[in-house]
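S.K.: One structure coming up, written as C-alpha coordinates, with questions to follow.
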Amino acid sequence: MATATCIAATLLAVLSVPFAVVLWLTESKYQKARRWHKAGATYKLIGERLGCHATTAKRWSLA
(Lines of atoms letter the chains of each structure in order from A and count residues from 1; the text may use other names and numbers.)
(Lines give C-alpha, C1' and ligand atoms only; values in the text may rest on other atoms or scores of the structure.)
Protein backbone atom coordinates (compact mmCIF):
# COMPACT_ATOMS: atom_id res chain seq x y z
CA MET A 1 0.00 0.00 0.00
CA ALA A 2 2.80 2.41 0.87
CA THR A 3 4.44 1.75 -2.48
CA ALA A 4 1.28 2.66 -4.38
CA THR A 5 0.97 5.87 -2.36
CA CYS A 6 4.60 6.77 -3.05
CA ILE A 7 4.18 6.10 -6.76
CA ALA A 8 1.02 8.21 -6.87
CA ALA A 9 2.71 11.08 -5.01
CA THR A 10 5.76 10.96 -7.28
CA LEU A 11 3.58 10.89 -10.40
CA LEU A 12 1.57 13.86 -9.17
CA ALA A 13 4.75 15.82 -8.42
CA VAL A 14 6.26 15.06 -11.82
CA LEU A 15 3.08 16.08 -13.64
CA SER A 16 2.67 19.27 -11.60
CA VAL A 17 6.08 20.73 -12.46
CA PRO A 18 5.43 21.36 -16.19
CA PHE A 19 2.08 22.95 -15.34
CA ALA A 20 3.74 25.31 -12.85
CA VAL A 21 6.45 26.22 -15.36
CA VAL A 22 3.87 27.06 -18.04
CA LEU A 23 1.97 29.28 -15.60
CA TRP A 24 5.18 31.04 -14.59
CA LEU A 25 6.30 31.62 -18.19
CA THR A 26 2.94 33.03 -19.29
CA GLU A 27 2.59 35.44 -16.35
CA SER A 28 2.17 39.05 -17.55
CA LYS A 29 4.21 42.01 -16.32
CA TYR A 30 1.13 43.28 -14.48
CA GLN A 31 0.68 39.97 -12.65
CA LYS A 32 4.37 39.86 -11.72
CA ALA A 33 4.24 43.44 -10.44
CA ARG A 34 1.19 42.67 -8.28
CA ARG A 35 2.72 39.45 -6.94
CA TRP A 36 6.05 41.10 -6.10
CA HIS A 37 4.29 44.08 -4.48
CA LYS A 38 2.20 41.74 -2.31
CA ALA A 39 5.45 40.00 -1.34
CA GLY A 40 6.85 43.33 -0.12
CA ALA A 41 9.05 44.46 -3.02
CA THR A 42 9.47 48.20 -3.51
CA TYR A 43 8.23 49.89 -6.67
CA LYS A 44 11.83 50.75 -7.53
CA LEU A 45 12.87 47.10 -7.32
CA ILE A 46 9.82 45.98 -9.32
CA GLY A 47 10.64 48.57 -11.97
CA GLU A 48 14.24 47.36 -12.18
CA ARG A 49 13.11 43.74 -12.55
CA LEU A 50 10.58 44.60 -15.26
CA GLY A 51 12.70 47.21 -17.04
CA CYS A 52 10.39 50.16 -16.40
CA HIS A 53 10.19 53.25 -14.19
CA ALA A 54 9.08 52.92 -10.56
CA THR A 55 5.94 54.96 -11.34
CA THR A 56 4.95 52.47 -14.03
CA ALA A 57 5.63 49.60 -11.62
CA LYS A 58 3.38 51.29 -9.07
CA ARG A 59 0.58 51.73 -11.61
CA TRP A 60 0.84 48.08 -12.68
CA SER A 61 0.95 46.89 -9.07
CA LEU A 62 -2.22 48.74 -8.16
CA ALA A 63 -4.13 47.91 -11.35
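Numbering (the numbering used here), first residue to last: -12 to 50.
C-beta: ideal position from N, C-alpha, C; glycine also.
Please report the Cβ distance between Ala44 and Ile33, rounded to the nearest whole angstrom; I am assuming they are in contact, meaning their Cβ atoms lie under 8 Å.
M.R.: Indeed, because the Cβ distance is near 4 Å, the residues count as touching under 8 Å.
S.K.: Could you tell me the alpha carbon to alpha carbon distance between Lys25 and Ala0, rounded to whole angstroms?
M.R.: One C-alpha to the other measures close to 27 Å.
S.K.: Spatial neighbours of Lys31 within its chain, please: CB distance less than 6 Å, with the 5 preceding and 5 following residues excluded, ordered by chain position.
M.R.: The answer, listed in chain order, is Ala41.
S.K.: Please state whether the Cβ-Cβ distance between Trp47 and Ala20 is less than 8 Å.
M.R.: Their beta carbons are under 8 Å apart, which means Trp47 touches Ala20 by this criterion.
S.K.: In the DSSP assignment, the alpha helix (DSSP H) including Thr(-3) goes from what residue to what residue?
M.R.: Residues Ala(-11) to Leu12.
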